[in-house]
Amino acid sequence: MLLEVRDLNIEFHDHLVPETVVYDFDMQMQEGDIIGLVGESGSGKTMTALAIAGLLRRHDMKKTGQIIFDNKDLLTCPRSVLRTYQGDEISMIFQEPMTSLNPVMKIGKQVEESLLLHHKMSKEERKKRALEVLKEVELADPEKVYEQYPHELSGGMRQRVMIAAAIVGNPKLLIADEPTTALDVTIQAQIVELLKKINRERKMAVLFISHDLSLVRTLCNRVIVMKGGYIVEDASTEEIFLNPKEEYTKNLIAAIPKCEKK
Amino acid sequence: MKAILKKLITMIITLFIVSFLVFLAFSVIPGDPALSKLGTQATPEALEALREEMGLNEPFFTRYFTWIGSFFTGDMGTSYSYGIPVSELIMDKLPITLVLTGIALVIMMVFTVLLGIYAARHEGGIIDRILMVVNQIIMAVPAFFAGIIICFVFGLILKWFTPGAFVSYEKDFGGFVAYLIAPAVAIALPKCAMASKLLRSSLIEQGNMDYIRTAYSRGNTTKGVLYRHALRNAMIPVVTFWAMAYTDMIAGSVVIEQVFGIPGIGRILLTGISNRDYPVVMAIICLLALFIIVANTLVDLIYKWIDPRMRDNG
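See the structure below:
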């Protein structure tokens with residue numbers, strides 16, 4: 026078992042009345058799994074992802090349950106332990122490639138940052154690895170991109186850079202939070218293909234968060250559907266699409282444009 | 577290279593405009609240098625003769641071009657009241673003002689960064705709140721008043737330095753610098769308060785950016801995120817402010833030199849104005865303008881170094 030989430034509850038205390046955004050979330054992931062987490066805006070899918078990545082560390086919230094990765098509970102372990110996993114074993118890419126990269130730092134430095142933080146490596150080795158992953162994410166002319174700044178790249182290229190930076194340390198789990206939402210349709214398909222390739226070649230587990238069921242269908246082998254903080258349905262992709270049990274899932278599938286259902 | 581050339585040309589044009597406006601201003605305002613030199617008892621004949629000698633009877637543009645022409649060859653004319661070449665007069669006083677504002681600039685930069693980072697890291701904490709209140713008070717106090725307070729507290733009560741006991745830099749450079757620290761603090765204080773407040777809010781704002789979350793997701797510590805990622809981004813508005821503050825400090829040094837009895841550029845500027853010593857005044861104003869233009873050009877370069885997005889557009 027790579028990742029096991031048990032009874033995860035996330036509750037915010039930043040208003041007068043505490044607000045729970047995720048209720049009793051359970052999931053399991055094996056190595057090399059590629060799971061889709063779908064739901065509408067506000068269904069709690071991003072919060073769940075951030076919690077697994079250890080990025081929900083605000084003081085005005087309460088998290089209960091367990092997030093077991095590599096036999097460690099990431100929810101309760103000290104921050105210093107959590108950091109040894111972040112970027113090295115668990116990586117994350119985000120929805121907004123335009124703002125998720127540091128605007129004043131060269132691409133190369135950002136791609137190799139995880140190596141700098143987690144591995145004793147010489148500068149040359151880091152650069153070599155960075156160039157390798159930049160090539161792996163199918164960026165033309167990695168040498169040039171290495172020396173460029175984020176504003177010189179398009180959205181699709183930036184998302185590829187984000188992916189490169191996420192996989193440079195060869196993590197076991199990649200969390201992709203709506204990585205294609207901000208991109209146009211042709212680029213979306215390319216990014217999904219790229220994630221598929223990485224999953225296949227590196228045996229890297231991918232947790233793919235999206236509201237777009239058609240993308241999830243082409244990519245994932247299992248789908249978890251969320252609504253209002255609850256898991257509505259959790260089944261293999263075929264089952265979800267051929268034989269949805271819940272009314273909500275049926276509605277979501279019905280919302281996919283017709284031409285894609287053929 | 578092309579950008580530098582462009583900058584240079586802009587600089588020269590700006591200087592020309594400034595010099596023309598200054599010359600125009602002193603031609604228009606009332607007051608007669610010949611009269612102030614000879615006194616009100618002078619005979620009309622003597623006055624007329626002196627005016628002729630000073631070239632005051634020439635048409636405006638002839639006078640302007642004679643002046644600007646010799647200005648660029650390094651001859652800034654002769655001071656009416658001191659009787660020595662203006663360039664000599666200024667070169668003697670310039671190092672004082674330069675060192676004074678230089679020290680103030682360093683003090684401002686160091687404390688901005690230290691206080692700004694500290695306050696941002698401990699946002700909402702007791703020290704942050706105290707700092708913000710103190711900042712608010714300091715910001716409201718003009719430099720000359722801060723100067724008076726510093727003179728009184730550190731000079732007269734604590735006796736850390738003797739107000740008015742200025743040491744010439746030719747005699748004792750160490751003592752000269754030591755004396756300038758108190759006035760430099762007075763000039764730097766209000767700017768420092770504003771700049772550290774700006775850096776604090778800028779850092780806090782950067783803290784909510786997406787790329788900061790990315791940095792955390794790679795396993796960065798809070799310190800790593802701050803120094804490797806947030807600080808450089810947060811410095812962009814601060815550097816702009818520093819440039820404005822430095823310009824302001826040069827202008828403000830005129831006043832603070834009076835408070836601390838420092839015989840810098842400010843003093844000869846003030847006596848020059850009251851004596852209608854136009855060559856001195858015009859030369860100083862043009863020099864200050866040159867200073868400010870050079871400082872701004874430098875800031876533009878620093879700006880481009882910090883923010884790569886600024887590099888492509890000229």
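Protein chains in written order, with this note's numbering: chain A, 26 to 287; chain B, 577 to 890. Note that the Cβ used here is the ideal one computed from N, Cα and C, for glycine as well.
Worksheet entry | Cα-Cα separation between Gly254 of chain A and Tyr879 of chain B, rounded to whole angstroms | As a working note, residue 254 of chain A is residue 229 in the first sequence. As a working note, residue 879 of chain B is residue 303 in the second sequence. Each residue's alpha carbon lies about 46 Å from the other.
Fill in: Proximal residues of chain A, C-beta to C-beta of Thr797 of chain B below 8 Å
Within the second sequence, the letter at position 221 stands for residue 797 of chain B. The answer, in chain order, is Arg108.
Worksheet entry | First and last residue of the uninterrupted beta strand (DSSP E) at Met54 of chain A | In the first sequence, counting from the first residue as 1, residue 54 of chain A sits at position 29. Secondary structure note for Met54 of chain A: its beta strand (DSSP E) is the uninterrupted segment Glu44 to Met54.
Worksheet item: Can you list the alpha helix (DSSP H) stretches of 4 or more residues lying completely in the stretch 100-151 of chain A, in chain order?
Response: Within the stretch 100-151 of chain A, the complete alpha helix (DSSP H) runs of at least 4 residues are 104-110, 132-136 and 138-143.
Item to complete: Compare the C-alpha of Val815 of chain B against each of B:Asn872, B:Phe641 and B:Glu664 and name the closest.
Response: Your numbering for residue 815 of chain B matches position 239 in the second sequence. It is B:Asn872.
Discussion item. Below 7 Å on C-beta distance, what does Met117 of chain A contact in chain B?
Written reply: Here residue 117 of chain A corresponds to residue number 92 of the first sequence, with the count starting at 1. The answer, in chain order, is Ser793.
Worksheet item: Which partner residues of Val257 of chain A appear in the DSSP bridge assignment?
Response: Taking the first residue of the first sequence as 1, we reach residue 257 of chain A at position 232. Looking at the DSSP output, Val257 of chain A sits in no beta bridge, so it has no partner there.
Practice prompt. With DSSP as the reference, please indicate the residues paired to Met684 of chain B in a beta bridge.
Written response: Position 108 of the second sequence, counted from the start, is the residue given in the question as residue 684 of chain B. Beta-bridge pairing links Met684 of chain B to no other residue.
Discussion item. Could you check whether the Cβ of Pro884 of chain B sits closer than 8 Å to any Cβ belonging to chain A?
Written reply: Looking up residue 884 of chain B in the second sequence gives position 308. So yes, Pro884 of chain B belongs to the interface.
Item to complete: May I ask you to report which of helix, strand or coil DSSP gives Gln91 of chain A?
Response: Working through the first sequence from its first residue, we reach residue 91 of chain A at position 66. Shown here, Gln91 of chain A sits in a strand according to DSSP, grouped into three states.
Worksheet item: If we call anything under 8 Å between Cβ atoms a contact, is Pro718 of chain B one with Cys727 of chain B?
Response: Position 142 of the second sequence, counted from the start, is the residue given in the question as residue 718 of chain B. Position 151 of the second sequence, counted from the start, is the residue given in the question as residue 727 of chain B. No, the pair does not count as a contact, with Cβ atoms beyond the cut-off.
Worksheet item: In the stretch 185-230 of chain A, which residue ranges form an unbroken alpha helix (DSSP H) of at least 4 residues, counting only runs that do not cross its ends?
Response: Runs found: 210-227.
Worksheet item: Can you list the residues of chain A that Asp786 of chain B reaches, using a CB-CB cut of under 7 Å?
Response: To locate residue 786 of chain B, count along the second sequence from 1; it is residue 210. Ordered by position in chain A, the residues that pass the 7 Å Cβ test against Asp786 of chain B are Phe119, Glu121, Thr124 and Ser125.
Worksheet entry | Distance CB(Val19 of chain A)-CB(Ser139 of chain A) smaller than 8 Å | Given a span of 26 to 287 for chain A in the structure shown, any question on residue 19 of chain A remains unanswerable.
Worksheet item: Which chain B residues are close to Gln111 of chain A, counting only those with a beta carbon under 9 Å from its beta carbon?
Response: Counted from its first residue, the first sequence places residue 111 of chain A at position 86. Residues of chain B passing the Cβ test: Tyr792, Ser793, Arg794, Gly795 and Asn796.
Worksheet entry | Boundaries of the beta strand (DSSP E) in which Gly61 of chain A is found, first to last residue | Mapped onto the first sequence, residue 61 of chain A falls at position 36. Its beta strand (DSSP E) spans residues Ile59 to Val63.
Discussion item. Contact criterion: CB-CB distance below 8 Å. Does Tyr171 of chain A meet it with respect to chain B?
Written reply: Taking the first residue of the first sequence as position 1, residue 171 of chain A is located at position 146. False, the Cβ-Cβ gap to chain B never drops below 8 Å.
Worksheet item: If you scan the stretch 584-638 of chain B from start to end, which runs of the alpha helix (DSSP H) of 4 or more residues do you find wholly inside it?
Response: Annotation: the stretch 584-638 of chain B contains the following complete segments of the alpha helix (DSSP H) (minimum length 4 residues), in chain order: 609-614 and 620-630.
Worksheet item: Does the Cβ of Ala78 of chain A have 16 or more other Cβ atoms within 10 Å, making it buried, or fewer, making it exposed?
Response: Here residue 78 of chain A refers to the residue found at position 53 when the first sequence is read from its first residue. Label assigned to Ala78 of chain A: buried.
Worksheet entry | Distance between Glu157 of chain A and Leu240 of chain A (C-alpha atoms, nearest Å) | For this step, residue 240 of chain A is matched to residue 215 along the first sequence. For this step, residue 157 of chain A is matched to residue 132 along the first sequence. The straight-line gap from Cα to Cα measures roughly 27 Å.
Discussion item. Going by the DSSP bridge assignment, what does Glu36 of chain A pair with across the sheet?
Written reply: Within the first sequence, residue 36 of chain A is the residue found at index 11, counting from 1. Among the bridge pairs identified by DSSP, Glu36 of chain A is matched with A:Thr45 and A:Lys87.
Fill in: Coil, strand or helix - Arg794 of chain B by DSSP
Stepping through the second sequence from its first residue, residue 794 of chain B is reached at position 218. Secondary structure at Arg794 of chain B: coil, using DSSP grouped into helix, strand and coil.
Worksheet item: So the alpha helix (DSSP H) Met251 of chain A belongs to, where does it begin and stop?
Response: Your numbering for residue 251 of chain A matches position 226 in the first sequence. Not the alpha helix (DSSP H): Met251 of chain A falls in the beta strand (DSSP E), residues Arg247 to Lys252.
Fill in: Minimum Cβ-Cβ distance from Ser179 of chain A to chain D less than 8 Å
The chain labelled as chain D is not found among the protein chains of the depicted structure, namely A and B.
Discussion item. Helix, strand or coil for His160 of chain A? Go by DSSP, reduced to three states.
Written reply: On the first sequence, position 135 is the one that residue 160 of chain A refers to. First, the residue type needs correcting, since residue 160 of chain A is Lys and not His in the sequence shown. In the three-state DSSP reduction, Lys160 of chain A falls in the helix class (H, G or I).
Worksheet item: Which of helix, strand or coil does DSSP assign to Lys286 of chain A?
Response: Counting from 1 along the first sequence, the entry for residue 286 of chain A is found at position 261. Bear in mind that the predicted position of Lys286 of chain A carries a pLDDT of just 49, short of 50, making it too unreliable to give a figure here.
Discussion item. Since Asp786 of chain B and Phe119 of chain A should fall inside the 8 Å C-beta cutoff, what is the C-beta to C-beta distance between them, to a whole number of angstroms?
Written reply: By 1-based counting over the second sequence, the position of residue 786 of chain B is 210. By 1-based counting over the first sequence, the position of residue 119 of chain A is 94. The Cβ separation is near 6 Å, so the contact holds.
Worksheet item: Under the three-state reduction of DSSP, which class applies to Asp166 of chain A: helix, strand or coil?
Response: For the purposes of this step, residue 166 of chain A is taken as the residue at position 141 of the first sequence. Note: Asp166 of chain A maps to coil in three-state DSSP.
Worksheet item: In angstroms, rounded to a whole number, what distance separates the CA positions of Ile256 of chain A and Glu44 of chain A?
Response: Here residue 256 of chain A is taken as the residue at index 231 of the first sequence, counted from 1. Here residue 44 of chain A is taken as the residue at index 19 of the first sequence, counted from 1. A direct Cα-Cα distance of roughly 17 Å separates Ile256 of chain A from Glu44 of chain A.
Item to complete: Check the Cβ-Cβ distances between Arg852 of chain B and every residue of chain A, and say whether any is below 8 Å.
Response: Taking the first residue of the second sequence as position 1, residue 852 of chain B is located at position 276. By this cut-off, Arg852 of chain B is not an interface position.
Worksheet entry | For Pro739 of chain B, three-class secondary structure by DSSP | One-based indexing of the second sequence puts residue 739 of chain B at position 163. If DSSP states are grouped into helix, strand and coil, Pro739 of chain B belongs with coil.
Practice prompt. Mind checking the stretch 797-822 of chain B against chain A and listing, in chain order, the residues whose C-beta falls within less than 7 Å of any C-beta there?
Written response: Flagged, chain order: Thr797, His805, Arg808 and Asn809.
Discussion item. Going by the DSSP bridge assignment, what does Thr654 of chain B pair with across the sheet?
Written reply: By one-based count along the second sequence, residue 654 of chain B stands at place 78. Beta-bridge annotation (DSSP): Thr654 of chain B is paired with B:Pro661.
Worksheet item: From the beta carbon of Arg697 of chain B, is the nearest beta carbon of chain A less than 8 Å away?
Response: As a first step, residue 697 of chain B is located in the second sequence; it is residue number 121 there, counting from the start. So no, Arg697 of chain B is outside the interface.
Item to complete: Would you decide whether Lys275 of chain A is buried or exposed? Buried here means 16 or more other CB atoms lie within 10 Å of its CB.
Response: Mapped onto the first sequence, residue 275 of chain A falls at position 250. When all chains shown are included, Lys275 of chain A counts as exposed.
Worksheet entry | Under 7 Å by beta carbon: chain B residues contacting Ser139 of chain A | Residue numbering aside, residue 139 of chain A sits at position 114 when the first sequence is read from its first letter. Chain B residues near Ser139 of chain A: Arg794 and Gly795.
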